[in-house]
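Under this note's numbering, the first residue of the sequence shown carries the number 1, and numbering increases by one thereafter.
We treat Cβ as the ideally placed atom computed from N, Cα and C, and that holds for glycine.
Computed from a predicted structure; not experimentally measured.
The next block holds one structure in the form of structure tokens; read it before the comments.
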Amino acid sequence: MNYTISNEKLTLVVSSKGGEFQSVKDAEGQEYLWQGDAATWTDRGPNLFPYIGRMTEKSYKYQDTVYHMDIHGFLPYDEMELVEQKADSLTLRLVSSPETRKQYPFEFTLDITWKLEGEKITITYQVKNIDDKKMYFGIGGHPGFQIPIEKNLKFEDYRIDFGEDPKPRRILFSEDCFVLEEDEAFTLEEGRYLNLEHNLFDDDAIVLKEMPREVTLESAKGSKKITVAFPDMDYLGIWHWPHVEVDYVCIEPWSSLPSRKNVVEDLEKKADLLSLESGQEYTNTWSITIKEK
């Protein structure tokens with residue numbers, strides 16, 4: 001089921017399946033979200049939980065038991081229930097179940113709230129540990145933005161602006177997209193811009209750490225921009241389907257990383273995962289702003 005909220009600036013459509021973005025339009029009806037493609041990436045803007053990226057052998061360990069989970073966890077495939085819908089806000093919930101416990105042995109609730117504030121969409125994740133033991137997880141977003149944003153421009157006219165004096169570092173990955181536990185300085189044009197080219201993603205995602213917590217997708221030739229702000233996320237993925245020329249780019253705020261190459265991770269020992277003691281709650285808000293320069 002799809003839910004729609006709107007204000008004077010934006011109209012947002014969200015699916016009950018994983019709380020995935022389906023559409024983001026401005027007051028003139030212009031679509032900013034990638035609308036999917038059966039030949040490449042069918043998704044539009046999923047949420048990722050309780051794991052981000054791939055697991056070695058699609059597996060992890062927890063207290064001497066091996067569990068199996070597909071890429072980006074089960075949230076993208078699970079139906080969420082409606083908690084509240086207002087004209088300009090929406091909250092959906094996922095509750096642990098016998099099906100989730102086959103992959104993830106924790107009792108939890110996950111609420112996602114979307115709120116429109118003028119030209120801004122805020123997305124708030126709230127995870128509650130309702131188990132009697134500590135739980136471990138990762139969480140993040142994966143929105144794909146359709147570009148060019150404006151007529152008479154092309155993909156290569158766009159860039160991602162990291163702001164003043166950024167010093168991001170790139171996390172290195174294997175050819176099959178597992179973490180290599182190494183990183184390197186990530187060079188930006190003019191010290192702040194990543195100029196978009198399709199071949200940037202021939203080795204899959206660019207994953208950064210120590211980056212500014214706000215980036216802007218824009219063109220020097222255009223008047224519109226999309227800013228993604230993620231004050232409490234430690235990692236940023238930038239991606240589109242490898243080895244093809246597709247008209248979108250994903251800007252993905254992440255709390256944690258995929259598994260290391262050839263390591264079936266122990267959930268209790270993986271350093272970048274979040275954790276919650278029994279009864280605790282975790283809240284993280286990020287945002288997307290669409291406006292004129």
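Which ranges does the beta strand (DSSP E) cover as unbroken runs of at least 3 residues, wholly within the stretch 42-121, from first to last along the chain? Positions of the beta strand (DSSP E) runs, each at least 3 residues long and wholly inside the stretch 42-121, are given as 59-62, 65-68, 81-85, 89-95, 108-117 in order along the chain.
If you check the beta carbons only, do Pro50 and Phe178 fall under 8 Å apart? In this structure, Phe178 does not lie closer than 8 Å to Pro50 by Cβ.
Considering Cα atoms alone, identify which of Lys134, Glu156, Ile149 is closest to Asp268. Checking the sequence, you will find Glu at residue 268 rather than Asp. Answer by Cα proximity: Lys134.
Curious, which full-length beta strand (DSSP E) runs of at least 3 residues does the stretch 137-208 contain? Within the stretch 137-208, complete beta strand (DSSP E) segments of at least 3 residues are found at 144-146, 158-161, 169-173, 179-185, 193-195, given in chain order.
Does the stretch 69-76 come close enough to the stretch 35-51 that 3 or more CB-CB pairs lie under 8 Å? With the rule of 3 Cβ pairs closer than 8 Å, the stretch 35-51 counts as touching the stretch 69-76.
Strand pairing of Gln126, partner residues [DSSP]: Residue pairing of Gln126 in beta bridges, as defined by DSSP: Asp111, Thr283.
Ordered along the chain, which non-local residues of its own chain (more than five positions away) have a Cβ less than 7 Å from that of Lys225? Excluding sequence positions up to five before and after Lys225, its CB lies within less than 7 Å of the CB of Thr216, Leu217, Glu218, Lys291, Lys293, all in the same chain and listed in chain order.
Which residue comes first and which comes last in the beta strand (DSSP E) that contains Gln22? Counting along the chain, the beta strand (DSSP E) containing Gln22 begins and ends at 21-26.
How many angstroms separate the CA atom of Asp203 from the CA atom of Lys120? Roughly 32 Å separates the two Cα atoms.
Applying the 10 Å Cβ sphere with the 16-neighbour rule, what's the burial state of Leu236? When all chains shown are included, Leu236 counts as buried.
Compare the Cα-Cα distances from Gln30 to each of Lys209, Glu197, Lys17, Leu12 and report the closest residue. The option with the nearest alpha carbon to Gln30 is Leu12.
Can you check which of these residues, Ala271, Gln280, Asp266, Asp272, is closest to Tyr104 by C-alpha distance? The residue from Ala271, Gln280, Asp266, Asp272 with its alpha-carbon nearest to that of Tyr104 is Asp266.
Taking Pro143 and Leu33 to be in contact with their CB atoms under 8 Å, please state how far apart those CB atoms are, rounded to whole angstroms. Confirmed, about 7 Å.
Under a three-way DSSP split, which group does Arg213 fall into? The answer is coil: DSSP assigns Arg213 none of H, G, I, E or B.
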